[in-house]
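*Asks:*
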Amino acid sequence: MKPLTSDQIQQYQRDGYLIIRHFLTQPAIDRLYQVAIDDQAISKHAINVNDSTGKRSKLSLWYQPGNDSYGLLTRSQRMVESVDKLLDGEAPVCHFHSKLMQKEPRVGGAWEWHQDYGYWYKNEFLLPDQMMSVMMAITDANRENGCLQVIKGSHKMGRVEHGLSGEQVGAAQRYVELALETMELEFVELKAGDALFFHSNLLHRSEANLSDKARWSLISCYNRQSNIGYKESSTSTSSITPITVVADDALLTQEAEGLAEEAADFLAKEADVALQ
Ligand SMILES: O=C(O)CCC(=O)C(=O)O
């Protein structure tokens with residue numbers, strides 16, 4: 483396992499994100515893709531989120547990382563140590579939640595400009611520098627199938643006001659426009675197995691998937707134990723429970739399990755997605 487270099491850490495601090503190419507090997511990608519397709523618990527708990535034009539994305543969100551392939555990835559040493567290097571503070575790294583984002587060909591909808599902390603602030607987490615997300619590409623993500631777009635350096639703006647925008651929560655348009663006047667817009671094209679680490683205040687969005695290729699990704703969100711969500715809406719305490727780390731190859735060497743419905747603690751279908 484290669485630790486992050488000081489250049490990579492500086493890059494994250496300067497830009498608000500860091501791309502690590504080939505984070506996963508091909509056998510690991512194959513396994514995650516297979517689970518994404520086959521897992522009953524994931525499909526049973528998929529929630530539809532419409533964009534402003536009525537196009538629909540699906541996501542399944544859970545709090546507790548278990549012994550399934552996704553849990554083993556989110557708890558792997560390389561992942562947790564990378565997050566540990568990038569987050570501010572010293573307290574142990576915890577898993578807030580993970581979600582499998584399913585943008586189906588021609589159907590998958592857009593996501594409005596937002597900061598993840600625009601949502602999480604409402605859960606009364608106080609320290610955005612102690613929160614981040616990691617997007618793992620399960621399939622290739624490119625301009626055609628609605629890859630993530632980010633505004634480089636926008637995490638330095640601090641939290642921008644957010645409001646409801648259809649079924650989603652979006653950042654105040656005026657601030658997004660101002661940011662785009664002086665900061666660079668980047669389309670984050672990823673190959674399956676690439677990982678994008680990004681700060682909770684980084685402005686990002688994605689467009690609809692108008693292509694004939696699915697765009698699936700796993701987004702895992704991390705927090706430090708010291709950063710309490712005073713109004714965390716879930717019953718789960720995962721965001722302040724230190725992760726039990728596993729070896730990097732556990733994903734391939736351990737018997738693959740499906741997500742355990744009870745243990746994973748899925749976000750209920752009727753829950754308010756706007757709070758996530
Ligand atoms: O998957 C996407 O395209 C965007 C998802 C996103 O921005 C989020 O869940 O915060």
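With the sequence shown counted from 1, adding 482 to any position gets you this note's numbering. Even for Gly, the Cβ is constructed at its ideal location relative to N, Cα and C.
Just the Cα atoms here: how many angstroms apart are Gln707 and Ala746?
*Replies:* Each residue's alpha carbon lies about 19 Å from the other.
*Asks:* Beta-carbon distances below 5 Å to any heavy atom of ligand 1 define the shell here; list its residues in chain order, please.
*Replies:* Ordered along the chain, the selected set is Met583, Trp593 and Ser688.
*Asks:* Do Asp570 and Leu609 have their beta-carbon atoms positioned less than 9 Å apart in this structure?
*Replies:* Taking 9 Å as the Cβ cut-off, Leu609 and Asp570 qualify as a contacting pair.
*Asks:* Got a sec? Which residues, its chain only, sit under 6 Å from Lys713 by beta carbon, not counting five neighbours each side?
*Replies:* The answer, listed in chain order, is Asn605 and Glu606.
*Asks:* At what residue ranges does the region 608-635 contain a whole run of the beta strand (DSSP E), taking only runs of 3 or more?
*Replies:* Runs of the beta strand (DSSP E) inside the region 608-635: 613-619 and 630-633.
*Asks:* Is the beta carbon of Arg687 less than 9 Å from the beta carbon of Lys585?
*Replies:* Not a contact, by the Cβ cut-off of 9 Å.
*Asks:* Apart from the five residues just before and just after Glu668, which ones in its own chain have a Cβ nearer than 6 Å to its Cβ?
*Replies:* Val632 and Lys634, listed in sequence order.
*Asks:* Please specify which runs of the beta strand (DSSP E), each continuous and at least 3 residues long, are wholly inside the region 623-704, giving them in chain order.
*Replies:* As far as the region 623-704 is concerned, its whole beta strand (DSSP E) runs of at least 3 residues are 630-633, 644-647, 650-653, 667-670, 677-681 and 686-688.
*Asks:* Quick one: complete beta strand (DSSP E) runs, 3+ long, within the region 518-566?
*Replies:* As far as the region 518-566 is concerned, its whole beta strand (DSSP E) runs of at least 3 residues are 529-532 and 538-544.
*Asks:* Name the residue from Ile529, Thr556, Leu568 and Gln516 whose alpha carbon lies nearest to the alpha carbon of Thr763.
*Replies:* Nothing about residue 763 can be read from this structure; the chain reaches only from 483 to 758.
*Asks:* Output yes or no for whether 9 Å exceeds the beta carbon distance between Ala528 and Lys537.
*Replies:* No, Cβ-Cβ distance for Ala528 and Lys537 is not below 9 Å.
*Asks:* Is Ala518 near Gly675, with beta carbons less than 9 Å apart?
*Replies:* No. Outside cutoff.
*Asks:* May I have the straight-line CA-CA distance separating Pro462 from Asn691, to the nearest angstrom?
*Replies:* Here the chain comprises residues numbered 483 to 758, so residue 462 is not present and cannot be evaluated.
*Asks:* Could you pull the start and end residues of the beta strand (DSSP E) that Ile491 belongs to?
*Replies:* Unbroken run through Ile491 is the alpha helix (DSSP H), Ser488 to Asp497; no beta strand (DSSP E).
*Asks:* If you draw a straight line from the alpha carbon of Leu662 to that of Asp694, how long is it in whole angstroms?
*Replies:* For Leu662 and Asp694, the distance between alpha carbons rounds to 30 Å.
*Asks:* Leaving aside the five residues before and after Glu666 along the sequence, list all residues of the same chain whose C-beta is less than 6 Å from its C-beta, in chain order.
*Replies:* Result list for Glu666: Lys634, in chain order.
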